[in-house]
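Counting with the UniProt record's numbering, you get residues 1 to 448 for the letters of the sequence shown.
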Amino acid sequence: MACEAKRPKVRFRQIDLGDLETEYWLRRTVGSFQLSIQVQVCKGGVVADYGMVAQEDIGEGEVLFTIPRSALLHQGTTHVAALLEQEKDSLESTSGWVPLLLALLYEYTTTQSKWKPYLSLWTDFKMLDHPMFWSKEERDSLLRGTGIPEAVDKDLVNIKREYRDVVRPFISKHPDMWNTRTHTLELYTQLVAFVMAYSFQEPQEEDDDEDDEEDPPNPPMMVPMADMLNHVSKHNANLEFTPDSLKMVCVRPIKKGEEVFNTYGQMANWQLLHMYGFTQTHSDNDADTADIPVINLYKAATKEPDGDQQLLAEMWELLRDKEAFVFGKDSCFTHTELHSVLKVLCMSREEFLEFKNNDGWEDDEDEDETIFQVFSNDGLLELKSKWRRLIHEAARLTVMGYPNLDEDRVLMEDQASLERLSRRQRNALKVRYGQKSILDKVMELTKS
């Protein structure tokens with residue numbers, strides 16, 4: 001984080017009510033909002049509907065805009081804040097989003113809402129193209145093997161349950177503020193996607209007491225202007241939180257005419273599509289990942305010529321609740337879990353019996369520090385042969401779960417064919433291609 005004392009003096013833009021960007025809610029209603037003259041919000045020359053473009057060269061550490069906390073939209077800043085606070089115990093849910101979503105339901109459909117100009121930027125939320133709005137047939141045909149269809153199915157079940165069990169009873173209890181004819185499950189689902197795509201969460205404060213239970217994550221909030229910036233993994237700006245305001249700060253030099261990019265975090269393409277409805281090109285996304293389901297590592301072990309099938313079945317009962325193994329471009333991110341599962345699958349019956357009787361291994365911090373290197377791209381080349389075979393076969397089985405294996409590479413290399421695809425087809429292709437590229441690399445590094 002750049003030091004406040006070393007930042008250059010910010011020059012702020014004067015408000016021109018005839019300008020497209022000043023139609024934005026902040027410029028018309030929040031007097032303390034400040035936007036640097038070095039940037040401009042526009043719709044042209046950016047990667048998505050809206051974006052921010054540098055009007056001159058910008059140096060590292062410069063503040064691009066400052067948003068007072070009074071301009072943040074969350075359950076505590078809306079007309080229904082007191083009621084939501086009064087009944088917060090009845091609004092608890094797995095997601096933790098119900099109070100914000102009820103506030104958005106109210107403000108979005110209330111003509112006199114002070115937030116109406118801001119929320120009107122998303123007319124009927126038509127531009128949201130999360131896979132949850134695709135047909136099930138589209139998800140299953142275009143995204144099979146990526147993990148997205150399963151994540152969306154889970155989301156839709158949870159959204160429906162949350163609306164039925166928490167939101168609808170609350171709405172029925174307060175017919176003067178909400179009603180089920182207007183505030184439908186469909187609108188609620190759209191607002192869930194809106195929060196997924198455009199909200200921010202304030203970072204958790206670090207707790208020095210490691211024995212305390214982990215605090216729940218801070219609830220999401222809508223941050224006008226910050227939500228106009230697009231995301232790339234190699235971003236050039238970052239949102240900073242202070243007690244009084246939020247500031248977008250340049251973290252690397254930006255040339256005149258270049259787009260200003262924020263970061264939503266280390267997001268793989270499947271996460272970007274699932275949560276935000278867009279993707280990056282695999283080569284531009286340093287955070288892209290691919291999962292190898294634990295079941296595929298088990299299946300690989302059952303194919304070993306000397307495998308004891310009964311023993312492996314017993315091992316699977318112990319391992320079946322494990323998560324998938326996540327591989328990035330340079331290493332396995334879940335290296336500790338992969339290391340543990342490989343050790344189990346390669347045990348003799350005597351070793352496995354001892355392992356179960358001891359309830360696993362004791363943590364070895366010194367060993368854990370070296371495991372990351374063991375499962376880096378360089379480390380995969382040096383693994384013991386059986387481990388390499390198991391990883392190779394598990395990766396191969398995973399790749400076989402994707403559709404269009406032979407067509408994707410051709411499409412990615414043919415710009416004309418790529419442009420003929422629909423937006424959904426292109427996004428799905430980039431997710432599949434990126435994941436398969438990572439898995440292909442894993443197979444190359446582990447081949448005999």
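Glycine included, every Cβ here is placed at the ideal spot set by N, Cα and C.
Could you tell me if residue i is buried or exposed, where buried requires 16 or more neighbouring beta carbons within 10 angstroms of its beta carbon?
{"i": "residue 21", "result": "Because the pLDDT at residue 21 is just 40, under 50, the model does not fix this residue reliably, and the value given afterwards should be weighed accordingly. Residue 21 comes out buried."}
{"i": "residue 181", "result": "exposed"}
{"i": "residue 288", "result": "buried"}
{"i": "residue 56", "result": "exposed"}
{"i": "residue 1", "result": "Residue placement at residue 1 is poorly supported in this model, since its pLDDT is 34, which falls under 50; the coordinates are not used for a value here."}
{"i": "residue 313", "result": "exposed"}
{"i": "residue 128", "result": "buried"}
{"i": "residue 224", "result": "buried"}
{"i": "residue 373", "result": "exposed"}
{"i": "residue 242", "result": "exposed"}
{"i": "residue 449", "result": "Only positions 1 to 448 of the chain appear in this structure, which leaves residue 449 out of reach."}
{"i": "residue 382", "result": "exposed"}
{"i": "residue 150", "result": "exposed"}
{"i": "residue 370", "result": "exposed"}
{"i": "residue 431", "result": "buried"}
Indicate the three-state DSSP secondary structure (helix, strand or coil) for residue i in the structure shown.
{"i": "residue 40", "result": "strand"}
{"i": "residue 336", "result": "helix"}
{"i": "residue 247", "result": "strand"}
{"i": "residue 33", "result": "coil"}
{"i": "residue 414", "result": "coil"}
{"i": "residue 117", "result": "helix"}
{"i": "residue 66", "result": "strand"}
{"i": "residue 232", "result": "coil"}
{"i": "residue 237", "result": "strand"}
{"i": "residue 163", "result": "helix"}
{"i": "residue 385", "result": "helix"}
{"i": "residue 311", "result": "helix"}
{"i": "residue 21", "result": "Annotation note: pLDDT 40 at residue 21 (below 50); position unreliable, no value reported."}
Mind checking whether residue i and residue j have CB atoms under 8 Å apart?
{"i": "residue 67", "j": "residue 237", "result": "no"}
{"i": "residue 342", "j": "residue 148", "result": "no"}
{"i": "residue 233", "j": "residue 280", "result": "yes"}
{"i": "residue 221", "j": "residue 72", "result": "yes"}
{"i": "residue 177", "j": "residue 41", "result": "no"}
{"i": "residue 146", "j": "residue 435", "result": "yes"}
{"i": "residue 296", "j": "residue 394", "result": "yes"}
{"i": "residue 35", "j": "residue 260", "result": "no"}
{"i": "residue 315", "j": "residue 294", "result": "no"}
{"i": "residue 93", "j": "residue 186", "result": "no"}
{"i": "residue 230", "j": "residue 51", "result": "yes"}
{"i": "residue 75", "j": "residue 81", "result": "yes"}
{"i": "residue 144", "j": "residue 402", "result": "yes"}
{"i": "residue 346", "j": "residue 338", "result": "no"}
{"i": "residue 97", "j": "residue 167", "result": "no"}
Since residue i contacts residue j with CB under 8 Å, what's their CB separation in whole angstroms?
{"i": "residue 429", "j": "residue 412", "result": "7 Å"}
{"i": "residue 90", "j": "residue 170", "result": "7 Å"}
{"i": "residue 244", "j": "residue 69", "result": "6 Å"}
For the segment 289–307 against the segment 326–343, do three or more pairs of beta-carbon atoms, one drawn from each stretch, fall closer than 8 Å, so that the two count as touching? yes
Check whether the segment 236–256 touches the segment 130–143, counting contact only when three or more Cβ pairs, one atom from each stretch, lie closer than 8 Å. no
For the structure I just gave you, are there three or more beta carbon pairs, one from the segment 152–165 and one from the segment 297–314, closer than 8 Å? no
When you compare the segment 244–255 with the segment 96–114, are there three or more beta-carbon pairs, one atom per stretch, that lie closer than 8 Å? no
Would you call the segment 344–354 and the segment 412–430 in contact, with 3 or more CB pairs under 8 Å? no
Under 8 Å: do the segment 370–380 and the segment 438–445 share three or more Cβ pairs, one atom per stretch? yes
Pair every Cβ in the segment 184–201 with every Cβ in the segment 92–102, then say whether three or more of these pairs are closer than 8 Å. yes
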